[in-house]
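For any residue, its number in my numbering is found by taking its place in the sequence shown, counting from 1, and adding 4.
A virtual CB, placed ideally from N, CA and C, is assigned to each residue, including glycine.
It should be emphasised that the depicted structure is a prediction, and the values quoted were computed from it without experimental measurement.
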Amino acid sequence: MSAEAEKFIREVWGLQGAAYLVVGMRYYSRISTLGWRKVSWDDLLMGVATLVYTAESVAAYYVVAFWKGFANNGMTDEQRATLDPASEEWQLRVNGSKTHVIGLLLYTTLLWLLKACWVIYYSRLTYVTLSTT
5 MSAEAEKFIR
15 EVWGLQGAAY
25 LVVGMRYYSR
35 ISTLGWRKVS
45 WDDLLMGVAT
55 LVYTAESVAA
65 YYVVAFWKGF
75 ANNGMTDEQR
85 ATLDPASEEW
95 QLRVNGSKTH
105 VIGLLLYTTL
115 LWLLKACWVI
125 YYSRLTYVTL
135 STT
């Protein structure tokens, strides 16, 4: 594996660790101050978002570590036509492209989950503000 690929993998798992730390601190803060009964939907969605982010990171790892960063993007039609379906490069590009699409779908899902967390969070803030005035 190239040094650049190893650097990318370290970055992916480093960011994953930072995300676990932030989400863990969020849960600790919410549960220690409010208790389990006050856990809200945005807290639950954050747990789901963490799982989706983990799956996305695994997909990114697979693209780099197993498929050697190969995919069909950036190829001309002539380059695609010259690929031999029995070759290792063809197999790497097909599997890399499939994994890349899975990663894109997971990323989109993650963004919408995080948006839902923000909407619920702000809804909770405005509800508290409106009910206290």
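Query	Result
Assigned secondary structure, Asp88 (DSSP; H/G/I helix, E/B strand, else coil)	coil
Residues near Cys121 in its chain [Cβ-Cβ closer than 8 Å; skip 5 each side]	Asp46, Leu49, Met50 and Ala53
Local conformation of Gly78 per DSSP, three classes	coil
Start and end residues, alpha helix (DSSP H) containing Arg14	Ala7 to Leu38
C-alpha gap between Gln83 and Leu19, whole angstroms	35 Å
Cβ neighbours of Leu118 in the same chain (closer than 6 Å, five flanking residues each side left out)	Ala53
Reference Gly78; option with closest CA among Tyr57, Trp17 and Ser101	Ser101
Outcome for Met39 when other beta-carbon atoms lying within 10 angstroms are tallied against a minimum of 16	Sequence check: residue 39 is Gly here, not Met. The residue is exposed, with fewer than 16 neighbouring Cβ atoms inside 10 Å.
Simplified DSSP assignment, three categories, for Val62	helix
Integer-rounded CB distance, given that Ser61 should sit under 8 Å from Val16	5 Å
Which listed residue (Lys72, Trp116, Tyr57 and Thr113) has its alpha carbon closest to that of Ser6	Lys72
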